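Here's the structure we're looking at; comments come further down.
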Amino acid sequence: MSQSVRDFYHLNNDSTSVVIDCRRNQPVLGYFGNRLVTVNASMLSQLDRHEAPASLPIEPAISLTPTIGEGFLGHLGLEVHRSATQWSLAPKLTEANTSQFNLELTSRCPVSDVEVTHQFTLDPTHSVLCLSVSVRNLSDQATLFIDNCAATLQLPDHLTELEEVTGRWANEFQNQRHAITRSAYVRENWTGRSSHHMNPTLTLFEKTTCASHGDALGVHLGWSGNHQIRVESLADGRQMLQAGELLRPGELELGPGEEYESPRLYLCHSSHGQNGLTRQWHQMIRREFISKQRPASTRRPVQLNTWEALYFGVDQPSVLALVDQAASLGIERFVLDDGWFLGRTDDRRALGDWVVDPKKFPNGLTPIIEACHEKGMEFGLWIEPEMVSQKSKLFETHPDWVLRHEGVPLNEARQQLVLDLSQPAVVSHLFDTISSLLSAHSIGYIKWDMNRDIHQAGNAEGRHAPHQQTRALYRLLNQVKKAYPEVSIETCASGGGRADLGILEYTSRVWPSDTNDALDRLRVQRGFQNLFPSELMGSHVGPSPCHITGRQHSMAFRAGVAFWGHMGVEADVRQLSDADRQVLSEAIALHKHHRELIHGGTYQVVDRPAGEQAWIVLAPDHSEALAALAMLETPSTPFPNRYRFIGLDADRYYELKLVWPGDLRPKQKNHKDELSDAHWSGDWLMSVGLSLPILQPESLLIYHLKAV
Ligand code: DGJ
């Protein structure tokens with residue numbers, strides 16, 4: 000039931016408080032952090048600042064969506080107009096709806112004739128707060144244009160550094176940390192997907208925050224299209240953060256009575272550094288995303304993918320030969336990647352013609368699927384539904400189905416065009432096509448790819464349409480999920496170009512990067528796991544030399560890196576030497592043995608000197624753990640520093656085993672023998688640490704700890 004608006008609201012769970020200040024016309028996120036015992040009106044008045052020289056007597060607050068009508072001089076959070084009139088938006092709070100962890104505040108603006116609703120949802124157990132904004136056109140005649148809608152918050156002034164998630168194709172999820180300077184730091188992503196170089200994640204830190212200590216605020220926008228994230232130091236000394244969709248003029252038009260809903264902005268707080276954030280992100284994602292899907296669609300069978308094995312050269316004999324080999328390695332799901340459909344001999348043609356190519360598979364996919372089933376494997380298939388090649392039957396029949404800019408030649412990337420999902424006929428054709436594939440075959444998993452940025456995003460009505468495109472994609476995915484709830488869908492966009500909490504509502508695996516180079520993967524996986532839990536992370540053992548970097552790595556290193564996610568293989572396993580085949584099967588068996596722990600445990604980074612990486616995955620009750628040490632470069636000292644474990648119970652004893660690699664060099668063998676009979680107290684392992692053997696660059700050790 001709606002109530003009149005109080006001066007402030009205090010949402011809290013056992014560890015966290017959120018204070019929403021409603022004393023002015025618009026809500027302000029006054030505080031989000033460690034739990035406060037109580038909040039009262041006089042404490043709240045502490046949030047106000049005295050009149051600053053040469054400024055307004057009452058400073059315009061950094062409200063949830065600052066508007067021009069509030070007299071706010073920073074970057075606005077909400078801008079609307081009706082063909083350049085009624086733009087001086089100044090909403091006033093009118094109603095509140097609140098329950099234990101939720102608050103919904105409604106405001107109205109008679110000048111612009113709009114209703115704005117701000118929603119706050121605090122996670123019941125973790126320090127994760129979800130914000131969203133909706134805007135309704137109250138006019139019964141006139142259209143409303145929204146030029147900008149970005150959730151905004153004032154940043155606590157002790158958070159002085161930010162870490163962005165950047166990178167490029169085949170090198171995604173690279174973290175870069177720097178100081179917040181006295182100007183605006185702006186990330187604008189126009190690629191039409193969440194992108195390789197500007198994943199919608201940002202983390203704010205205190206200067207001294209490290210892996211396990213210090214305050215941190217994680218920010219993630221759950222949106223797979225164009226987005227903006229902005230950190231701005233205002234001239235008056237306050238700093239603010241804004242995040243929302245990035246819109247072109249005219250892109251968001253609301254007819255009378257229509258409503259816009261912003262993507263969700265997730266905030267995560269921790270006083271225990273990045274590890275504290277990671278713990279909470281993972282638990283929230285497991286509960287709110289993964290466990291809300293049908294369990295069958297979140298299975299994690301070890302898979303073999305044909306891409307780096309056969310590329311476009313897939314056909315019945317070669318695929319059957321791989322199926323055979325895969326099963327003997329312990330593979331549980333066989334995935335037929337690109338190249339299987341009508342006329343797809345290379346990446347210049349055939350996208351859109353989603354029927355099995357009879358030249359390559361004269362008897363269709365059934366013999367392949369049956370062979371998989373006979374070997375105890377399920378079958379998965381690659382598709383790229385949003386795309387079309389100019390050389391395709393689909394394009395010949397429907398040249399008007401693609402996004403384009405009027406009067407400008409069509410702009411191909413990877414020789415393909417983007418279908419205009421704002422046309423209902425296109426979406427219903429795509430659903431029927433996917434549905435025919437899924438109903439005609441026993442398919443447990445689809446890899447949903449999207450291999451280009453959207454450079455020309457004009458739709459059939461001549462509008463700039465990324466917003467509609469993204470929403471239509473979500474509706475299509477939802478329709479597929481509803482019709483085939485047991486099918487697992489992986490999000491892939493030339494690797495990690497679409498990895499965000501928007502798409503994760505409908506998908507249950509992410510392909511973080513096209514690189515299978517184990518060394519590069521270590522950094523990619525580190526960045527990925529800051530936010531996403533390991534079970535979502537596709538991680539494959541690729542060929543050596545790596546097809547993308549040309550670097551060569553031992554099978555032990557490649558498999559030891561792929562071990563930590565949803566493990567797979569993406570290499571021509573027909574060509575493996577006997578020795579590599581043996582090592583790979585051992586790694587797959589080890590992964591299966593520990594899969595529950597890897598995919599359900601608490602992942603934490605262990606601080607190490609430069610040139611090394613270490614991490615640990617702990618069982619929720621700390622009775623078991625897997626810990627890794629990876630040597631990235633030639634070490635500067637003969638022996639690595641002692642390994643100081645984290646997260647164990649200080650007063651318990653643990654059995655410690657070196658479980659990877661299976662085949663050790665002589666000096667490492669001694670180390671393994673030394674560990675064999677000993678029991679180690681948790682406090683020894685955490686405070687004194689374990690002495691380590693000599694390690695070569697580009698190698699990795701995995702330990703297993705079990706409480707006795
Ligand atoms: C890009 C993906 O990231 C690859 O894994 C592969 O599926 C290709 N597309 C196929 O075209």
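Counting in numbering that gives the first Met the number 0, the sequence shown runs without a single skipped number right up to 707 at its last residue.
Backbone N, C-alpha and C fix where the C-beta goes; we use that ideal spot for every residue, glycine too.
Predicted model only: the values in this text are computed from it and were never measured.
Length of the line joining the Cα atoms of Q581 and M554: Those two C-alpha atoms are separated by around 10 Å.
Short Cβ contact (9 Å threshold) for G494 with D513: When the beta-carbon positions are compared, G494 and D513 come within less than 9 Å of each other.
Exposure label - F71; buried when at least 16 CB within 10 Å: Counting the other Cβ atoms within 10 Å of the Cβ of F71 gives 16 or more, which makes it buried.
Candidates S438, K358, L420, Q324: closest to S584 by CA position: The residue with the shortest Cα to Cα distance from S584 is Q324.
Nearest-angstrom Cα separation, counted from Q455 out to M449: The alpha-carbon atoms of M449 and Q455 are separated by roughly 15 Å.
Status (buried if at least 16 other CB within 10 Å, exposed otherwise) for S1: By the neighbour-count definition (other C-beta atoms within 10 Å, threshold 16), S1 is an exposed residue.
Short Cβ contact (9 Å threshold) for G559 with A629: Cβ distance < 9 Å, so G559 and A629 count as in contact.
Environment of ligand 1 in chain order, Cβ to heavy atom below 6 Å: Counting only residues whose CB is nearer than 6 Å to a non-hydrogen atom of ligand 1, the list in chain order is W306, D336, D337, W381, D448, N450, C491, S493, G494, W510, D513.
C-alpha gap between H621 and A649, whole angstroms: Going by the C-alpha atoms only, they are around 10 Å apart.
From D235, H268, P90, L521, residue whose alpha carbon lies closest to that of C21: If we check each option's Cα against that of C21, P90 comes out closest.
Residue closest to P696, alpha-carbon to alpha-carbon, out of M283, T633, E673: Nearest neighbour of P696 by Cα position, chosen from M283, T633, E673, turns out to be T633.
Option in L530, E504, P59 with minimal Cα separation from C267: It is L530.
Other residues of its chain near G217: CB distance less than 6 Å, five sequence neighbours each side excluded: Close CB contacts of G217 within its chain, under the 6 Å cut and outside five residues either way in sequence, are with T202, C267, L276 (chain order).
G249 and R594 closer than 9 Å at C-beta: No; because the gap between Cβ atoms is not below 9 Å, this pair is not in contact.
Same chain, Cβ closer than 7 Å to R167, neighbours up to 5 away in sequence not counted: Once the five neighbours on either side are set aside, the close Cβ partners of R167 are H195, H196.
Best match in N11, E369, L161 for proximity to F100 [C-alpha to C-alpha]: If we check each option's Cα against that of F100, N11 comes out closest.
Cα-Cα separation between I597 and E534, rounded to whole angstroms: Annotation: I597 to E534 spans about 7 Å, alpha carbon to alpha carbon.
Contained alpha helix (DSSP H) runs [length at least 4] in the segment 596-630, N- to C-terminal order: Whole alpha helix (DSSP H) segments, 4+ residues: zero.
Test item: CB-CB of G443 and R293 under 9 Å: No. Outside cutoff.
Residues bridged to H678 (per DSSP): Looking at the DSSP assignment, H678 forms a beta bridge with E654.
Extent of the continuous alpha helix (DSSP H) run through Q273: Counting along the chain, the alpha helix (DSSP H) containing Q273 begins and ends at 272-284.
Paired residues, beta bridge with K390 - DSSP: Residue pairing from DSSP places K390 in a beta bridge opposite R348.
Span of the alpha helix (DSSP H), counted from its first residue to its last, around W381: Where W381 is concerned, there is no enclosing alpha helix (DSSP H), although the beta strand (DSSP E) it sits in stretches over 377-382.
Beta-carbon separation (whole angstroms), L130 vs L264, contact threshold 8 Å: L130 to L264, Cβ: 5 Å. Contact.
Neighbour-count burial assignment, I57, 16 or more Cβ in a 10 Å radius: Its Cβ having fewer than 16 others within 10 Å, I57 is exposed.
3 or more residues per run - each beta strand (DSSP E) lying fully within the segment 411-465: For the segment 411-465, whole beta strand (DSSP E) runs of length 3 or above, ordered along the chain, are 444-447.
Contact under 9 Å by Cβ, M386 with I330: One thing to note: M386 has its Cβ no nearer than 9 Å to the Cβ of I330.
Selection from P544, R522, A412 that minimises the alpha carbon distance to A609: Out of P544, R522, A412, R522 has the C-alpha closest to the C-alpha of A609.
Distance cut-off 8 Å: Q414 Cβ against heavy atoms of ligand 2: Among the ligands in the structure shown, ligand 2 does not appear; only ligand 1 can be found there.
Contact set for C491: own chain, Cβ-Cβ below 6 Å, skip 5 residues either direction: Only K446, D448, W510 meet the Cβ criterion.
Residue ranges of each beta strand (DSSP E) within the segment 516-599, 3 or longer: Correct list: 537-540, 565-568.
Bridge partner(s) assigned by DSSP for W659: Answer is I701.
Inter-residue spacing [alpha-carbon to alpha-carbon] between E163 and T200: Going by the C-alpha atoms only, they are around 7 Å apart.
L684 (DSSP reduced to helix, strand or coil): Three-state DSSP puts L684 in a helix.
Proximity to D356 [Cα-Cα], best of S391, H372, A326: Checking every option, the nearest Cα to that of D356 belongs to S391.
Separation of Y310 from F333, as counted between CA atoms: Rounded to whole angstroms, F333 to Y310 spans 15 Å at the Cα level.
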